[in-house]
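Asker:
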Amino acid sequence: MRERNSLNRVILIGHLVKKPEIRYLPESGRPVARFQVATNEQLYYQETKKTVERTEYHRVVAWGKLAEFCEKFLEQGRQILVEGKLRWRSWEDREGNRRNSTEVEAINVVPLGKKMAGQPEQQVEADYSDQLPADEFPDLAEPVEDFPANTPDTDDDVPF
């Protein structure tokens, strides 16, 4: 038996940049939702004695019933917890250029904070990991529409 000594796990607590967008794969009809989570951190620079806030944007993808849950219950600005795995994808765009992206493949999504206006009170079990078989995460031949142009996307510039 082969010993495994690695772990691929991501936990984010942040706010939704905009409402998740859901699409259905053409051949299987399987739902996939994509959204971005913004996280903030305070950085203190001792030399200048200044504090700067830094925002990071994380691409998230959810599959199956979890995707449907995200589309139904998550709204722009809502604070959420996302637990998942880092995934790297590569594809060719319509012009034939090679594109790369790193995203968080969600296993669990939990709404946090106060209920947003207009959302019904709902008891939701957000852990759908038992319904997401590990072998059913195919790379998408054609990527779902990427995120708005005004958010940073520097995956192609990473030097490693």
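Just so we're aligned, residue 14 is where the sequence shown starts under my numbering, counting upward by one. Yeah, the Cβ is synthetic: ideal placement off N, Cα and C, and Gly gets one too. Remember, predicted model here, so these are calculated numbers, not experimental data.
Threshold first: 4 residues or longer. Then list the alpha helix (DSSP H) segments lying entirely within the stretch 16-102, N to C.
Answerer: 77-86
Asker: The beta strand (DSSP E) spanning residue 112 covers which residue range?
Answerer: 111-124
Asker: Residues in its own chain within less than 6 angstroms of residue 74 by CB, not counting five upstream and five downstream?
Answerer: Hits under 6 angstroms: 47, 116 and 118.
Asker: If you run the structure through DSSP and keep just helix, strand and coil, what is residue 105?
Answerer: Three-state DSSP puts residue 105 in a strand.
Asker: Measure the C-alpha to C-alpha separation of residue 72 and residue 59 and round it to an integer number of angstroms.
Answerer: 32 angstroms
Asker: If I measure Cβ to Cβ from residue 57 and keep anything under 6 angstroms in the same chain, skipping five residues before and after, which residues do I get?
Answerer: 64
Asker: Rounding to the nearest angstrom, what Cα-Cα distance links residue 97 and residue 37 in this structure?
Answerer: 21 angstroms
Asker: So, is residue 91 buried or exposed, given that buried needs 16 or more other C-beta atoms within 10 angstroms?
Answerer: buried
Asker: Report all residues from its chain with a CB closer than 6 angstroms to the CB of residue 53; omit the five preceding and five following residues, and keep chain order.
Answerer: 66 and 68
Asker: Check whether the Cβ atoms of residue 50 and residue 27 lie closer than 8 angstroms to each other.
Answerer: yes
Asker: Would residue 77 and residue 102 be called neighbours here (beta carbons separated by less than 8 angstroms)?
Answerer: No, the Cβ-Cβ distance between residue 77 and residue 102 is not below 8 angstroms.
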